[in-house]
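For the protein sequence lines, the chains are A and B, in the order given. Each residue of the first sequence is one higher than the one before, counting from 1 in this note's numbering. Each residue of the second sequence is one higher than the one before, counting from 371 in this note's numbering. Written out below as structure tokens is the structure these notes cover.
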Amino acid sequence: MDRRLIENFDWSIIWALLAIMCIGLLSIYSALYPQIQARPTNNLFIKQLIWLAIGFAVMCGSLFFNYQRLRTLSPWIYGLVLLLLVVVLAIGKEVHGSKRWLEIGGFQFQPSEFMKVIIAVQLAGYFSSQDITSFPGIKKLILPVGYVVLPVLVVLAEPDLGTAISLLAIATTMILFVGVRWKYLAILTLTVMPLIYPMWEHVLKPYQKRRVLILLSPDLDPLGAGYHIRQSKIAIGSGMLWGKGFLNGTQTKLHFLPEKHTDFIFSVWAEEWGFIGCVALILLFCLLIFLTLRVATRSRDRFGSLVVIGMSALILWQAFINIGMVIGLLPVVGITLPFVSYGGSSLITLCLAIGLIENVSMRRYVFQTR
Amino acid sequence: MKTKSNKFDGLKLINWENQESISFQKQYILISAVVLLITMVYLVRLWHLQVILGQSYRFQSENNRIRVEEIAAPRGIIFDRNGVPIVENRPAYHLVIIREDISDLEGTINELARLCERNPDEFFSIVEANKTTPKFVPLRLASDLDRDCLARIEAQRIRLPGVFIQLEPKREYKWNGTAAHLVGYLSEITEAELRSEKYQGYYSGEDIGKVGIESAFEKYLHGTRGGRQLEVDAAGRRVRVLEEELPIAGRNLWLTLDMDLQKTAEAQLEGKTGAIVAVDPTDGAVLAFACSPSYDQEKFIRGLTKDEWIVLSKDPSHPLLNRGSGAAYPPGSTYKPFVALAALQEGVINPTSTFTCPGYFQFADRSYRCWKEHGHGTIAVERALVESCDVFFYQTGFKLGVDRMAQCVTMFGLGERTGIGLQGEHPGLIPTSWWKKQATGIPWQKGETISISIGQGFDLVTPLQMAMGYAAISNNGNLWQPYVVKKIEGSSADEIDEVKPHLKRKIPIDQRWFDLVKKALAGVVERGTGHLIRDPLIPIAGKTGTAQVVHVAQGANRKLLEKLTKMKDKDHAWFIGYAPASDARICVAAIVEHGGHGASAAAPLVKNVIQAYLKDIHYDGQASD
Numbered sequence: 001m002d003r004r005l006i007e008n009f010d011w012s013i014i015w016a017l018l019a020i021m022c023i024g025l026l027s028i029y030s031a032l033y034p035q036i037q038a039r040p041t042n043n044l045f046i047k048q049l050i051w052l053a054i055g056f057a058v059m060c061g062s063l064f065f066n067y068q069r070l071r072t073l074s075p076w077i078y079g080l081v082l083l084l085l086v087v088v089l090a091i092g093k094e095v096h097g098s099k100r101w102l103e104i105g106g107f108q109f110q111p112s113e114f115m116k117v118i119i120a121v122q123l124a125g126y127f128s129s130q131d132i133t134s135f136p137g138i139k140k141l142i143l144p145v146g147y148v149v150l151p152v153l154v155v156l157a158e159p160d161l162g163t164a165i166s167l168l169a170i171a172t173t174m175i176l177f178v179g180v181r182w183k184y185l186a187i188l189t190l191t192v193m194p195l196i197y198p199m200w201e202h203v204l205k206p207y208q209k210r211r212v213l214i215l216l217s218p219d220l221d222p223l224g225a226g227y228h229i230r231q232s233k234i235a236i237g238s239g240m241l242w243g244k245g246f247l248n249g250t251q252t253k254l255h256f257l258p259e260k261h262t263d264f265i266f267s268v269w270a271e272e273w274g275f276i277g278c279v280a281l282i283l284l285f286c287l288l289i290f291l292t293l294r295v296a297t298r299s300r301d302r303f304g305s306l307v308v309i310g311m312s313a314l315i316l317w318q319a320f321i322n323i324g325m326v327i328g329l330l331p332v333v334g335i336t337l338p339f340v341s342y343g344g345s346s347l348i349t350l351c352l353a354i355g356l357i358e359n360v361s362m363r364r365y366v367f368q369t370r
Numbered sequence: 371m372k373t374k375s376n377k378f379d380g381l382k383l384i385n386w387e388n389q390e391s392i393s394f395q396k397q398y399i400l401i402s403a404v405v406l407l408i409t410m411v412y413l414v415r416l417w418h419l420q421v422i423l424g425q426s427y428r429f430q431s432e433n434n435r436i437r438v439e440e441i442a443a444p445r446g447i448i449f450d451r452n453g454v455p456i457v458e459n460r461p462a463y464h465l466v467i468i469r470e471d472i473s474d475l476e477g478t479i480n481e482l483a484r485l486c487e488r489n490p491d492e493f494f495s496i497v498e499a500n501k502t503t504p505k506f507v508p509l510r511l512a513s514d515l516d517r518d519c520l521a522r523i524e525a526q527r528i529r530l531p532g533v534f535i536q537l538e539p540k541r542e543y544k545w546n547g548t549a550a551h552l553v554g555y556l557s558e559i560t561e562a563e564l565r566s567e568k569y570q571g572y573y574s575g576e577d578i579g580k581v582g583i584e585s586a587f588e589k590y591l592h593g594t595r596g597g598r599q600l601e602v603d604a605a606g607r608r609v610r611v612l613e614e615e616l617p618i619a620g621r622n623l624w625l626t627l628d629m630d631l632q633k634t635a636e637a638q639l640e641g642k643t644g645a646i647v648a649v650d651p652t653d654g655a656v657l658a659f660a661c662s663p664s665y666d667q668e669k670f671i672r673g674l675t676k677d678e679w680i681v682l683s684k685d686p687s688h689p690l691l692n693r694g695s696g697a698a699y700p701p702g703s704t705y706k707p708f709v710a711l712a713a714l715q716e717g718v719i720n721p722t723s724t725f726t727c728p729g730y731f732q733f734a735d736r737s738y739r740c741w742k743e744h745g746h747g748t749i750a751v752e753r754a755l756v757e758s759c760d761v762f763f764y765q766t767g768f769k770l771g772v773d774r775m776a777q778c779v780t781m782f783g784l785g786e787r788t789g790i791g792l793q794g795e796h797p798g799l800i801p802t803s804w805w806k807k808q809a810t811g812i813p814w815q816k817g818e819t820i821s822i823s824i825g826q827g828f829d830l831v832t833p834l835q836m837a838m839g840y841a842a843i844s845n846n847g848n849l850w851q852p853y854v855v856k857k858i859e860g861s862s863a864d865e866i867d868e869v870k871p872h873l874k875r876k877i878p879i880d881q882r883w884f885d886l887v888k889k890a891l892a893g894v895v896e897r898g899t900g901h902l903i904r905d906p907l908i909p910i911a912g913k914t915g916t917a918q919v920v921h922v923a924q925g926a927n928r929k930l931l932e933k934l935t936k937m938k939d940k941d942h943a944w945f946i947g948y949a950p951a952s953d954a955r956i957c958v959a960a961i962v963e964h965g966g967h968g969a970s971a972a973a974p975l976v977k978n979v980i981q982a983y984l985k986d987i988h989y990d991g992q993a994s995d
């Protein structure tokens, strides 16, 4: 093994990641405390530990090949995952009225999670090809937009708004990073804006309108989304400056907070560790993102940079959208907090993302003789 | 070659490296700026929530709790045509506990059982069954408490934390059993219905209309449930309402039914099995819809036990059967006016053509008997209707043929669903030669034409169809679609949907044939088979009918047979009449199962209904000349 590979491994990313993961484990432990007491050996906390182990294995596994190979492989993988998404729609397992899970041999996973990674790799491959410059012309943008729109439509049909938003956020960040001419942005805005009103009036059915309105203003649905947000705010606010202390949160223990170990895990942390804990967690996320951006700037080629930008965007937007919705600044859509929320598919995807970032970091020297 | 291209790539990459670190620098700065900006906004927000408002949130989390409570929407009320409520809502009180708020669960349950005068084990088994549901979820121990029990619990509630009384509107059938088959009943939504498209937005445990108007107008009657976010104290008592979404009550229905007439009609059927349907011949509005025997709608609201259901569904008199539109009978002689109209229109007979009735009609070695043993002699169509001569119609029908007869008769709505909109409507059956070949594989037999000419054989009709058909005769060929709901009221005064009568078709038969048949139908009551119900004040027109239930063997002595047969083998008695004869305002069809003769068993019922109705609208007897 080349010594430089190990030299260029970015340990600081791993330290930041471990710190965030510890916060995640503490929060899940607290959120699920009644369950853990009832079943010490078989509970979701134990399961999350197993997921973490699998995540690390995936992360290590993703270091051992040169990321350049993804350039040729990615169209195939992209096609396969897209196919899986369609299969999920057809025969997938329905949970809470939406089809997201595929079950193979008693093991469930969400193909839409893996789409988040592969879409970034696919776009990176496209934008790093020889004939693409930054600020590409309109003809060069049609294909990447198609790459994004297809899976977004399939995921929306599941329906899984959260994943669709993640995919769009990742792709938009990457396209903006490569550069979009002001002219196109202006044209896009000018064509979409006049369409919004007629769409709203004539295409959407009343119940769909209501759903959108509830998304924007949860108070319209005081028994559903409004209830979540109110309970979440009470949990966060009651943490005050220093928090109630580990395992002392009452909102979570008394079941007032729904989905506390998944989408609303941040409220659990905020209630028990207060403003100080929140600042620490948010700064850790900032640190992680800046460290990954540093890898992007140092990367040996444009493909590497773009892959890393895509992975950072995945972590960045999921974290910010999740925290934003939990503190009541953004509408409630189903997006989990990276490395903190409970969930297997999501954790493995994110570990894969970190693995790819490290992979690029390790192979950043230009003159390689192999 | 390969190495060369690799080298070339390498050089190119170096170029990019330099070029891009400059060209992408802006983007890196932009991303970093966005990240920092969002971080700042979030930290400010968190500072606001946790430090500035923290104390108040801390207080809320420690002392107050928020619960979500659902508010059921009251179902729409059903009125009769004059605004008399037929179906209303009453408050029902349920006993509910929230286990989380109860420190001594066993003691509380024992106390509640004592207050309700029930067996504590009943309550414990409910608690046991819900062991896995979270403790903060309200648990209903007893439904629909009676007043005394409610008062006792309310008096003790102050020292019973976690015990609540839940108020819910419940359906109340003001005249239980009256018009039950038309109005229908409610019962709890099933798992399968919850999943179906039709019941989207329904919750488990809700009541839905299962039959009748309650089911047909479910989407108007149901309303939209509301709810409220409550702040409760440590004992679970309500501190204040934070958010409230009021339920939207279901829409009220105004029926075309006349409640007084309905009761009169049902009184006529007291102790009998059968149906009376009264309609307005001028627009098809259903005025009365009585089926007997009826059933207890309240039982469905209270929740039927399995045993009760078995008793009800196995009852040999089938109380749940809607005999007005959901059951079909052979029409017997009430079919004859339609056959006469068909034959006149088709030119098979004219008003003066005669047949001779010797008391029987011989065809292919078989003798078809007339009800009058010694025959009617030489007879034309008017007298044949008045005296209900079978032989005349055997011959007329025979000449007309099965398919021409069916073509004309079905124009009066027989053999097709009337479209009243109640589930389980029977289409009846008017046979054609094609139908028989399809259904049985055997071609039509000529002898069968003879049977169906007097409404026997395959012919099947519902009382509602007959009422509409006779209404169409009385109004010279306007076949209306019967309707029951005339108005749907909304939550606000200006939100009212009036239901417009719907003319199904104008029947293309000459006016002179209508005049002739109507004259004959008036003659039936004036001097013919229906003379028993003649009323000097109100001229009634109509037709008697006696539908055979058992096949009478050839040549058998009918009178002897009637004496010998048991009640259940007696014929069905029909009478369909309208009044006033010249300007009909009401048309009534009555059938009494196994009632015997139409003239004696069914006609008086129709007369009473007609009298009650026309008296009500102050008919002065002078409207007809």
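Ideal Cβ positions, reconstructed from N, Cα and C, are used throughout, including at glycine. None of the values given here were measured: they were computed from a predicted structure.
I'd like to know if Tyr412 of chain B contacts chain A, where contact means its C-beta is closer than 8 Å to some C-beta of that chain. yes
Anything in chain A within Cβ reach of Thr409 of chain B, meaning under 9 Å, just list it in chain order. Ile282, Leu283, Phe285, Cys286 and Phe320
Grab the span of the alpha helix (DSSP H) containing Ala842 of chain B for me, first residue to last. Pro833 to Ser844
According to DSSP, what are the bridge partners of Ser30 of chain A? Its beta-bridge partners do not exist; DSSP assigns none.
Which residues, in order along the stretch 432-448 of chain B, keep a beta-carbon less than 8 Å from a beta-carbon of chain A? Only Glu432, Arg435, Ile436, Val438 and Glu440 from the stretch 432-448 of chain B bring a Cβ to less than 8 Å from some Cβ of chain A.
Scan the stretch 417-486 of chain B and note each continuous alpha helix (DSSP H) run of 4 residues or more that stays entirely inside, going in chain order. 424-433 and 475-486
Closer than 7 Å by beta-carbon distance: list the chain A residues that pair up with Ile401 of chain B, in chain order. Leu293
Candidates A:Leu215, A:Ile315, A:Tyr67 and A:Leu5: which alpha carbon is nearest Thr173 of chain A's? It is A:Ile315.
Could you tell me the distance, in whole angstroms, from the CA atom of Leu167 of chain A to the CA atom of Ile119 of chain A? 8 Å
Using beta carbons (cut-off 8 Å, strictly below), is Glu613 of chain B in contact with chain A? Interface residue, yes.
Can you give me the start and stop residues for the beta strand (DSSP E) that His964 of chain B sits inside? Taken as a continuous stretch (DSSP letters only), His964 of chain B belongs to no beta strand (DSSP E), as it is neither H nor E.
Does any C-beta atom of chain B lie closer than 8 Å to the C-beta of Lys233 of chain A? yes
Please return the same chain residues whose Cβ sits closer than 8 Å to the Cβ of Thr877 of chain B, not counting the five positions on each side in sequence. Just to set this straight, residue 877 of chain B is Ile in the shown sequence, not Thr. Answer for Ile877 of chain B: Met781, Phe782, Ala842, Gly847, Asn848 and Leu849, listed in chain order.
Leaving out five residues on either side along the sequence, give the residues of the same chain with a beta carbon under 8 Å from the beta carbon of Asn248 of chain A. Glu272
Under the assumption that Leu891 of chain B contacts Ala911 of chain B (Cβ atoms under 8 Å), give the Cβ distance between them as a whole number of angstroms. 4 Å
Could you confirm whether any beta carbon from chain A is found closer than 8 Å to the beta carbon of Tyr427 of chain B? Yes, because at least one Cβ of chain A sits closer than 8 Å to the Cβ of Tyr427 of chain B.
Let me know if Leu143 of chain A comes out buried or exposed under the rule of 16 or more other beta-carbons within 10 Å of its beta-carbon. Leu143 of chain A should be labelled exposed.
Residues in its own chain within less than 8 Å of Pro438 of chain B by CB, not counting five upstream and five downstream? At residue 438 of chain B the sequence reads Val, which differs from the Pro that was named. Taken in chain order, the residues that qualify are Gly597, Arg598, Gln599 and Leu600.
What does a CB cutoff of less than 6 Å around Ile510 of chain B pick up in its chain, not counting 5 residues either side in sequence? Per the sequence shown, residue 510 of chain B should be read as Arg rather than Ile. His464 and Val466, listed in sequence order.
Name the chain B residues whose beta carbon is nearer than 8 Å to that of Cys351 of chain A? Those within 8 Å of Cys351 of chain A in chain B number zero; the least Cβ separation is about 22 Å.
Where the beta strand (DSSP E) through Leu537 of chain B begins and ends: Val533 to Tyr543
Helix, strand or coil at Val922 of chain B according to DSSP, with G and I counted as helix: Because the pLDDT at Val922 of chain B is just 48, under 50, the model does not fix this residue reliably, and the point stays unresolved.
Reduced DSSP secondary structure (H/G/I, E/B, other) of Ile800 of chain B: coil
Contact check, Met240 of chain A vs Gln430 of chain B under 8 Å by CB: the rounded distance? 12 Å between Cβ atoms; not a contact.
Under 7 Å Cβ-Cβ, which residues of chain A neighbour Val405 of chain B? Cys286, Ile289 and Leu316
Given 8 Å as the limit, is there contact between the stretch 953-968 of chain B and the stretch 651-663 of chain B, that is, 3 or more CB pairs closer than that? Short answer: they touch.
Quick one: give me the first and last residue of the beta strand (DSSP E) that Cys661 of chain B is part of. Val656 to Ser662
Restricting to runs no shorter than 3 residues, where is the beta strand (DSSP E) found entirely within the stretch 721-779 of chain B? The beta strand (DSSP E) runs of length 3 or more contained entirely in the stretch 721-779 of chain B are, from start to end of the chain, 724-727, 730-733, 736-739 and 747-750.
Whole-angstrom distance between Leu657 of chain B and Val869 of chain B, CA atom to CA atom: 15 Å
Closer than 8 Å by C-beta to Glu440 of chain B: which residues in its own chain qualify, once you throw out the five before and the five after it? Chain order, please. Excluding sequence positions up to five before and after Glu440 of chain B, its CB lies within less than 8 Å of the CB of Tyr573, Arg595, Gly596 and Gly597, all in the same chain and listed in chain order.
Does chain B have any CB closer than 8 Å to the CB of Thr369 of chain A? In this prediction, Thr369 of chain A has a pLDDT of 43, which is less than 50 and means its spatial position is unreliable; what the coordinates show is noted afterwards. Closer than 8 Å: no.
Which residues share a DSSP beta bridge with Gln37 of chain A? Its beta-bridge partners do not exist; DSSP assigns none.
Using a Cβ distance threshold of 8 Å, determine whether the stretch 811-822 of chain B contacts the stretch 740-759 of chain B, with at least three qualifying pairs required. With the cut-off at 8 Å, the stretch 811-822 of chain B and the stretch 740-759 of chain B do not touch.
Using beta carbons (cut-off 8 Å, strictly below), is Pro136 of chain A in contact with chain B? no
Please go through the same chain and pick out, in chain order, the residues whose beta-carbon is closer than 7 Å to the beta-carbon of Leu830 of chain B, but skip the five residues on each side of it. The beta carbon of Leu830 of chain B sits closer than 7 Å to those of Ala698, Tyr699, Pro700, Gly798 and Leu799, all from its chain and outside the five residues before and after it, given in chain order.
Which class does Ser217 of chain A belong to by DSSP, given the choice of helix, strand or coil? Note: Ser217 of chain A maps to coil in three-state DSSP.
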